[in-house]
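>
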Amino acid sequence: MRKILQSSVTHVLFAFCAMGSWALFANWGHPMPKPVYAGIVQGLMSATITYFLKRTIEALQTRFDGPSALWLPPLIAASAGLAMLLTVHTLVGTPEVLKTIALPFSVAATYAAIYNFIVYKQRGAPRGE
Numbered sequence: 002m003r004k005i006l007q008s009s010v011t012h013v014l015f016a017f018c019a020m021g022s023w024a025l026f027a028n029w030g031h032p033m034p035k036p037v038y039a040g041i042v043q044g045l046m047s048a049t050i051t052y053f054l055k056r057t058i059e060a061l062q063t064r065f066d067g068p069s070a071l072w073l074p075p076l077i078a079a080s081a082g083l084a085m086l087l088t089v090h091t092l093v094g095t096p097e098v099l100k101t102i103a104l105p106f107s108v109a110a111t112y113a114a115i116y117n118f119i120v121y122k123q124r125g126a127p128r129g130e
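To convert, count from 1 in the sequence shown and add 1; that's this note's numbering.
Laid out in structure tokens, this is it:
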């Protein structure tokens, strides 16, 4: 059971279902099939972002030292995710873009900040920074 919970596939599938459902809900007041399309698009975006967010933080952590390693990696990763969400939802015509991306972006940005802090501390960042 523990292996399933730690699996990248499990995390990606959970992100797809949870955030895709959120997008469906956020767009529910619009004529079908727009809410369904928004849910599928957000589900795919969340799955993709979930998969790459961890790797991005780890890669960026090797490029920065000192205090900048504490805030730049999650800022860069979250900004890239936000740009991707805004662009894709706008291009596909999601009716409620801001409502659709608010929760997924908040979750992703929070995860990026927390995971970055963990990686930063594990790197043995100097104390007192």
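Note that the Cβ used here is the ideal one computed from N, Cα and C, for glycine as well.
To the nearest whole angstrom, what separates the beta carbons of T95 and T101, a pair I think is in contact under 8 Å?
Indeed they touch by this definition, with Cβ atoms about 5 Å apart.
> Under the assumption that G21 contacts G44 (Cβ atoms under 8 Å), give the Cβ distance between them as a whole number of angstroms.
G21 to G44, Cβ: 3 Å. Contact.
> Go ahead and label S47 buried or exposed: buried means 16 or more other beta carbons lie within 10 angstroms of its beta carbon, across all protein chains shown.
With 16 or more Cβ atoms within 10 Å of its Cβ, S47 is classed as buried.
> Are the beta-carbon atoms of W23 and L73 separated by less than 8 Å?
Cβ atoms of W23 and L73: not closer than 8 Å.
> Enumerate in chain order the residues of its own chain whose CB-to-CB distance from Y116 is below 7 Å, with the five nearest sequence positions on each side excluded.
Only K55, I58 meet the Cβ criterion.
> Rounded to whole angstroms, what's the CA-CA distance from F53 to M33? Just pull it up for me.
The straight-line gap from Cα to Cα measures roughly 31 Å.
> Which residue from A70, A81, R64 puts its Cα closest to that of K122?
Checking every option, the nearest Cα to that of K122 belongs to A70.
> State yes or no: is the beta carbon of K35 nearer than 8 Å to at least one beta carbon in chain B?
No chain B is part of this structure, which consists of one protein chain only.
> Give me the Cα-Cα distance between Y38 and S8, rounded to the nearest whole angstrom.
Between Y38 and S8, the C-alpha separation is close to 27 Å.
> Quick check on the DSSP output: what are the complete alpha helix (DSSP H) runs of length 4 or more inside the region 32-109, in order along the chain?
Runs found: 35-62, 69-93.
> Is it buried or exposed for P68, if we count other Cβ within 10 angstroms and need 16 for buried?
Flag for P68 reads exposed.
> In this structure, how does DSSP classify N117 when only helix, strand and coil are distinguished?
Residue state, collapsed to three classes: helix.
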